[in-house]
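Residue numbers (the numbering used here): 15 to 405.
What follows is one structure encoded as structure tokens, with my remarks underneath.
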Ligand code: ATP
Ligand code: MG
């Protein structure tokens, strides 16, 4: 029996060690979550590979491949064939029909590469490659062998079953999701923070999002947009938890109490503190923000210094050295940009100063903050009343 399958390759080296099983089962779960809506599939574990098989019906490679290559930790996907046998005649036959389907009559250089984990097999990998190659040359006039720079490489892998494929479609790569600890990401509905969240997730950091919501100054639709951004991020990570922290009371309090040109600084410091509370509760190692140095008034080096001083955990700012266009490009590539530019504001204009201070002084800010008696209680209340959404 033969069937169309997708062979999924992941970074094996980082998969070693005691967490290997956990990472692999996370990959399996993430793949399943992304492809289940499109049909009934198995995800089988092979040595160092995952194999996606259909439970009946043809597999739609074009539809499924992007749903799999986006899962972080996956190196790439190979569409190909699984044969329920190690029989050489059947392997040769499949190699031929596969190559015919791939290149038709086009003059092409090729080579065959064999991997054999079934060590009982009477032929070694070079012998298998030679025999399959010879068979292809006998049956396809336009083929020539080029072992150094072939246009097509046909892979034959003998495991319990035999796999035949030639294409490798690269994924996003990255470290297995969750292999680098936990980070709490301040996720707004803007362009930057979803990209920052993705970048840390790609380095294996498990991420949970925190969104500060100020109804009615920020609309229900603005919140929904952040939920939808979190959903997009969950395609890369498998699942995604979003904490929606009600910030209206605290924001109105600050509006009342602090100089207008410094409002954003106080607000950002409050956000860092609230996020840190959640991070401590979850035993996270870091916060994550979408700051990019110099982009806006609250992202000057001076502002970053003062905002950063509000918390003790390290704050990862993966976009800090990127230009806006670079961030936009990455946002487009991962599919968050189009959602981010939907016109639902993430901050109401009454909270935005006309002339925000760009060079705040820590001593001044801390001096004022000392007298904000209700701030600690408002922070505590906001964190306590948060809504937790799991995607
Ligand atoms: P973004 O495009 O990510 O919204 P921005 O360019 O609008 O960023 P700022 O408003 O200065 O920049 O925000 C800087 C960072 O602070 C954001 O990237 C995000 O990490 C965090 N942040 C800002 N507003 C919110 C919010 N309402 N909820 C959660 N995080 C926020
Ligand atoms: Mg923003």
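Just so it is clear, CB atoms sit at the ideal spot from N, CA and C, and this is done for glycine as well.
- [ ] Starting from residue 162, follow its DSSP beta bridges and name the residues at the other end.
- [x] The residue you call residue 162 lines up with position 148 of the chain shown. None, per the DSSP bridge assignment.
ask   = Alpha carbon to alpha carbon, what distance is there between residue 402 and residue 168?
value = The residue given as residue 168 occupies position 154 in the chain shown. The residue given as residue 402 occupies position 388 in the chain shown. Rounded to the nearest angstrom, the two C-alpha atoms are 48 Å apart.
Measure the beta-carbon distance from residue 96 to residue 17 and round it to whole angstroms, keeping in mind my assumption that it falls under 8 Å.
-> Translated into the one-based positions of the chain shown, residue 96 becomes position 82. Translated into the one-based positions of the chain shown, residue 17 becomes position 3. For a cut-off of 8 Å, the C-beta gap from residue 96 to residue 17 is around 6 Å, short enough to register as a contact.
- request: Determine the extent of the alpha helix (DSSP H) in which residue 149 is found, giving its start and end residues.
  value: Indexing the chain shown from 1 puts residue 149 at position 135. From DSSP, the alpha helix (DSSP H) with residue 149 extends over 139 to 153.
**Request:** Please list the segments of the alpha helix (DSSP H) lying wholly inside the segment 88 to 135, counting only runs of 4 or more residues, in order along the chain.
**Result:** 102 to 117
- Who are residue 171's beta bridge partners in DSSP? As a first step, residue 171 is located in the chain shown; it is residue number 157 there, counting from the start. Partner residues in the beta bridge of residue 171, as assigned by DSSP, are 129, 177.
TODO: Consider the C-beta atom of residue 305 and the heavy atoms of ligand 1; say whether any pair is separated by less than 6 Å.
DONE: Reading the chain shown from its first residue, position 291 is the one you call residue 305. Residue 305: yes, Cβ under 6 Å from ligand 1.
Whole-number beta carbon distance between residue 286 and residue 325, since they are thought to touch under 8 Å: For this step, residue 325 is matched to residue 311 along the chain shown. For this step, residue 286 is matched to residue 272 along the chain shown. At roughly 4 Å, the Cβ-Cβ gap stays under 8 Å, so residue 325 and residue 286 are in contact.
With hydrogens ignored, establish whether the beta-carbon of residue 344 is closer than 6 Å to any heavy atom of ligand 1.
By 1-based counting over the chain shown, the position of residue 344 is 330. No, since every heavy atom of ligand 1 falls outside the 6 Å radius drawn around the Cβ of residue 344.
DSSP beta-bridge partners for residue 68? Here residue 68 corresponds to residue number 54 of the chain shown, with the count starting at 1. Residue 68 is bridged by DSSP to 55.
Is residue 219 near ligand 1, going by C-beta to nearest heavy atom under 6 Å? Position 205 of the chain shown, counted from the first residue, corresponds to residue 219. No - ligand 1 has no heavy atom lying nearer than 6 Å to the Cβ of residue 219.
* Helix, strand or coil at residue 76 according to DSSP, with G and I counted as helix -> Residue numbering aside, residue 76 sits at position 62 when the chain shown is read from its first letter. Note: residue 76 maps to helix in three-state DSSP.
**Message:** Please tell me whether, using a cut-off of 6 Å, the distance from the CB of residue 243 to the nearest non-hydrogen atom of ligand 1 is below it.
**Reply:** The residue labelled residue 243 in the question sits at position 229 within the chain shown. No, the Cβ of residue 243 stays beyond 6 Å of every heavy atom of ligand 1.
**Prompt:** ligand 1 heavy atoms versus the CB of residue 226: any closer than 6 Å?
**Reply:** As a working note, residue 226 is residue 212 in the chain shown. Flag set: Cβ of residue 226 near ligand 1.
Subject >> Cα-Cα separation between residue 381 and residue 248, rounded to whole angstroms >> reply: Counting from one through the chain shown, the residue named residue 381 turns up at place 367. Counting from one through the chain shown, the residue named residue 248 turns up at place 234. Distance between the alpha carbons of residue 381 and residue 248: 41 Å.
**Through-space distance from residue 358 to residue 235, alpha-carbon basis** = Here residue 235 refers to the residue found at position 221 when the chain shown is read from its first residue. Here residue 358 refers to the residue found at position 344 when the chain shown is read from its first residue. Taking the straight line from one Cα to the other gives about 7 Å.
Of the choices 372, 253, 226, whose alpha-carbon is the least far from that of residue 397? Residue 397 sits at position 383 when you count from the first residue of the chain shown. Ranking the options by Cα distance to residue 397, first place goes to 226.
**Asked** To the nearest whole angstrom, what separates the beta carbons of residue 221 and residue 211, a pair I think is in contact under 8 Å?
**Response** Residue mapping note: residue 221 aligns to position 207 of the chain shown, counting from 1. Residue mapping note: residue 211 aligns to position 197 of the chain shown, counting from 1. Between residue 211 and residue 221 the Cβ distance is about 5 Å, and since that is below 8 Å, they are a contact.
| said: Which same chain residues end up closer than 8 Å to residue 393 when comparing Cβ atoms and leaving out the 5 residues on each side of it in sequence? | reply: Residue numbering aside, residue 393 sits at position 379 when the chain shown is read from its first letter. Excluding positions up to five away in sequence, the list reads 264, 284, 287, 288, 291.
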